[in-house]
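The structure appears below as structure tokens.
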Amino acid sequence: MVAGRPIGTGHPCFVIAEAGVNHNGDLRLARRLIDTAVQAGADAVKFQAYKAERLVTEAAPKAEYQVRATGGGESQLDMLRRLELHPEAQYELRDYCRQKGILFLSTPFDEESADVLENVAVSAFKIPSGEITNLPFLAHVAKKGRPMILSTGMATLGEVETALRAVESAGNCEVILLHCVSNYPADPADVNLRAIPTMIQAFHLPVGYSDHTLGIEVPLAAVALGACVIEKHFTLDRALPGPDQQASAEPAELAALVAGVHKVEAALGHGRKVPAASESGTATVARKSLVAARSIRAGISLTEDMIAIKRPGTGLPPVLRATLVGRVAKRDIPADAMLSLEMLA
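Each position in the sequence shown, counted from 1, maps to that position plus 9 in this note's numbering.
Written out as structure tokens, the structure reads:
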């Protein structure tokens, strides 16, 4: 449960619009991202909380996708410094989210940032994929007693299990897992959505999907496979500078994703193979009945070639054709007339 909202099978899919660092360190841009998430109909908008010096060393290289997006002229440390939000900004963005009626979330990347977010009163802690093997960090966050949404990019099933044990040992059993592929953008061929039902079966926890592919098809397919949370990076414009902009959805795409999630959920239905109420009118038109293949005079014994099968389906069903063979017409039956038991002896 997040902010009083149940998450999991039987409940509406929870959509997180991932602003991440696409604000480029500009609070005005961050507020515009919140506005966009609200307009799209997302349930939550998420930012990131970190102190660059606590996150990476001076020698830490950029990831390949970061080099492709921002060039290789600066270190990862310098890049993260530019994108860092001051702790006070987390409060400001939380307040703006409250004003706009959307849930504020933020991802901590270190213990001190998690402490800040605890004071900000986030409803849940979103843990990034890179921290899944950082068991001391997981335990630190888990002890705060709030729901944890744990991304599992780059992880094996065994590593996920180890992370869950660390969280549970710290006294926290409120965990939502997100399947994820940590590449920006991710190739759909690498996504392996079938891991979602595997994780559901293995851990008996709510499982969602954090998407890094281009487009909205893959996250919609994730919903069909049981994902109860969808997280998607978004931006105001993919042409903006920044490491994640090019792999993010633009506003119209984000809105289409949210609408698509609701459509897929509605389409999944209850799982019982029964006709929909809306099909009743179609059935009478599309199905067929037994009719006279030609004019049949009274007293004639019916043969199979005298019985045709045609629409509409308001008469005797085709399955009864063999039972009519050999019966005698009580009266003249015109061609194409719907056959009935009353007209036959």
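Just so you know, even glycine gets a beta-carbon here, dropped at the ideal spot from N, CA and C. Please read all numbers here as calculations on a predicted model, not as lab measurements.
Find out if the Cβ-Cβ distance for the pair A78, S115 is shorter than 8 Å.
No, these two residues do not count as a Cβ contact at 8 Å.
In this structure, how does DSSP classify M352 when only helix, strand and coil are distinguished?
Here M352 sits in helix by DSSP.
Using the beta-carbon count (16 or more within 10 Å), is N31 buried or exposed?
It counts as buried.
By the 10 Å Cβ neighbour count, where 16 or more other Cβ atoms means buried, how is L350 classified, buried or exposed?
Exposed, since its Cβ has fewer than 16 Cβ neighbours within 10 Å.
For D124, verify whether its CB is less than 7 Å away from any heavy atom of the ligand SAM.
This structure does not include the ligand SAM; it has no bound ligands of any sort.
Every unbroken beta strand (DSSP E) within the stretch 106 to 131, with a cutoff of 3 residues, ordered by chain:
If only complete runs of 3 or more residues are kept, the stretch 106 to 131 shows the beta strand (DSSP E) at 112 to 117, in order along the chain.
Same chain only: Cβ atoms within 7 Å of L64, ignoring 5 sequence neighbours per side
Taking L64 as the centre and dropping the five residues before and after it, the same chain places the C-beta of L89, F118 and D119 closer than 7 Å to its C-beta, in chain order.
How far does the alpha helix (DSSP H) with G290 in it extend, from its first residue to its last?
Where G290 is concerned, the enclosing alpha helix (DSSP H) stretches over S289 to A295.
My output table needs one value for E67: the three-state DSSP class, helix, strand or coil.
Here E67 sits in coil by DSSP.
Going by CA-CA distance only, name the one from A256, L92, A133 and K319 that's closest to A344.
Of the candidates A256, L92, A133 and K319, the one whose C-alpha sits nearest the C-alpha of A344 is K319.
With 16 other CB atoms within 10 Å as the buried threshold, where does T45 fall?
With a 10 Å radius around the Cβ and a threshold of 16 neighbouring Cβ atoms, T45 comes out buried.
Other residues of its chain near E121: CB distance less than 7 Å, five sequence neighbours each side excluded:
Same-chain partners within the cutoff: K60 and R63.
Mind checking which residues open and close the alpha helix (DSSP H) that includes G29?
Where G29 is concerned, there is no enclosing alpha helix (DSSP H), although the beta strand (DSSP E) it sits in stretches over F23 to G29.
L214 and L186 closer than 8 Å at C-beta:
Contact flag set, yes.
On the criterion of 16 or more Cβ atoms from any shown chain inside 10 Å, does N128 qualify as buried, or is it exposed?
The residue is exposed, with fewer than 16 neighbouring Cβ atoms inside 10 Å.
Taking 8 Å as the threshold (C-beta atoms), are A354 and V337 in contact?
For the 8 Å CB-CB criterion, V337 and A354 form a contact.
With which residues is V11 paired in a DSSP beta bridge?
Residue pairing by DSSP puts V11 in a beta bridge opposite R14.
Let me know if G335 comes out buried or exposed under the rule of 16 or more other beta-carbons within 10 Å of its beta-carbon.
By the 16-neighbour rule on beta-carbons within 10 angstroms, G335 is exposed.
Identify the residues that DSSP records as bridge partners of E177: which are they?
According to DSSP, E177 bridges with nothing at all.
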